[in-house]
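Enquirer:
Protein chains: 2
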Amino acid sequence: MSSHPLKDVIAAADRAIGAEDFDTLMDFYADDATLVLAPGLVATGKAQILKAFLGVAEIFDHRLAVSPGKIEVVESGDTALVHREAIFDTVTPEGEAVSTTRRGTCVFRHTPEDRWLCVVDNGYGHGLLGRC
Amino acid sequence: MSSHPLKDVIAAADRAIGAEDFDTLMDFYADDATLVLAPGLVATGKAQILKAFLGVAEIFDHRLAVSPGKIEVVESGDTALVHREAIFDTVTPEGEAVSTTRRGTCVFRHTPEDRWLCVVDNGYGHGLLGRC
């Protein structure tokens, strides 16, 4: 699955988060997309998702970079289920660099215009089920 | 998310696997559904998916029961991303009962006829990415 076009899409969305280019970031989401903010708490639609990302940027004091790790895509018709690693790099107020890798799950929809739009974005992956 | 109708759908599909009622089981899948057989190996469409389940029944000597554990559903429009536990109970040739719990990921599509059809069924969940 090394050459799937969704890998480039995901990498570009991650770069937009780090650059705080939220106009570009919102282009990756479908109008009715759902973003999981925490287990049991979601943002639905671009307006709510934008607010969530603005909040995240604030929480990390505008020092958050995201990059993709391993990505696996399973397609069915115009739907793609993505399992992905996301590597979060930030700097604490004390100046310490911190890197965290999380495994998330997303659903993308392929549009007639040959674009992939994120429909569900769950950065918690199976963490929604609690610990193993 | 304790009352989501997909919980009943998933429980009924699990029962159909144990009962080897494959006609009923196939009704849960969309025509273009993809089932992950192993990392990097998928069955696409009902004919291939049916063959895969027939093979699984054979491998487990017709002694496989599946039941749902924890299930979390994230919806967006007519799409639902499901994280689920599946509890597999079987009996070895030596007569020993074995129970295994796995965490899988599925995508369901809601149809205009008010049905949920499984579009992607990945019993491996994040296992597709290898070990943490």
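Line order of the protein sequences matches chains A and B. The first sequence maps to residues 14 to 145 in my numbering. The second sequence maps to residues 14 to 145 in my numbering. Every residue, glycine too, gets a C-beta built ideally from N, C-alpha and C.
What is the rounded straight-line gap between the Cα of N135(A) and the Cα of D45(A)?
Expert: Each residue's alpha carbon lies about 14 Å from the other.
Enquirer: Tell me where the alpha helix (DSSP H) around P81(A) begins and ends.
Expert: Careful: P81(A) lies outside any alpha helix (DSSP H), inside the beta strand (DSSP E) at A78 to S89.
Enquirer: Against E126(B), what residues of chain A qualify as contacts under a CB-to-CB distance less than 8 Å, listed in chain order?
Expert: Simply none; closest approach about 18 Å.
Enquirer: Do we get a CB-CB distance below 9 Å when we pair I23(B) with the residues of chain A?
Expert: No, no contact with chain A.
Enquirer: Could one say the Cβ of T118(A) lies closer than 9 Å to chain B's Cβ atoms, at least one of them?
Expert: Chain B contact via Cβ: present.
Enquirer: In terms of residues, what are the limits of the alpha helix (DSSP H) holding D36(B)?
Expert: Element bounds for D36(B): F35 to M39.
Enquirer: Given T57(B), which residues of its chain have a CB within under 6 Å of its CB, disregarding the five upstream and five downstream residues?
Expert: For T57(B), where only same-chain residues beyond five positions count, the Cβ hits under 6 Å are T47.
Enquirer: For chain B, is any of its Cβ atoms less than 9 Å away from the one on L142(A)?
Expert: It does: the Cβ of L142(A) has a partner Cβ on chain B nearer than 9 Å.
Enquirer: Taking Cβ-Cβ distances shorter than 8 Å, what residues in chain A pair up with A46(B)?
Expert: Those are S89, listed as they occur along chain A.
Enquirer: By alpha-carbon positions, which one of D36(B), G68(B), A65(B) and L94(B) ends up nearest to G117(B)?
Expert: The shortest Cα separation from G117(B) among D36(B), G68(B), A65(B) and L94(B) belongs to L94(B).
Enquirer: Answer with yes or no whether the minimum CB distance from H139(A) to chain B is below 9 Å.
Expert: Chain B contact via Cβ: present.
Enquirer: How many angstroms separate the CA atom of A24(A) from the CA atom of C119(A)?
Expert: Whole-angstrom Cα-Cα distance: 14 Å.
Enquirer: What residues in its chain sit with their C-beta under 8 Å from that of V22(A), if we drop five residues either side in the sequence?
Expert: Same-chain partners within the cutoff: F41, F121 and W129.
Enquirer: Could you work out which residue in L63(B), V87(B), V49(B) and D102(B) is closest to R76(B) when comparing CA atoms only?
Expert: Residue D102(B) is the option with its Cα nearest to R76(B).
Enquirer: How big is the Cα-Cα spacing for M14(A) and A65(B)?
Expert: Here the model assigns M14(A) a pLDDT of 45, short of 50, so the residue's position is not dependable and the matter cannot be decided.
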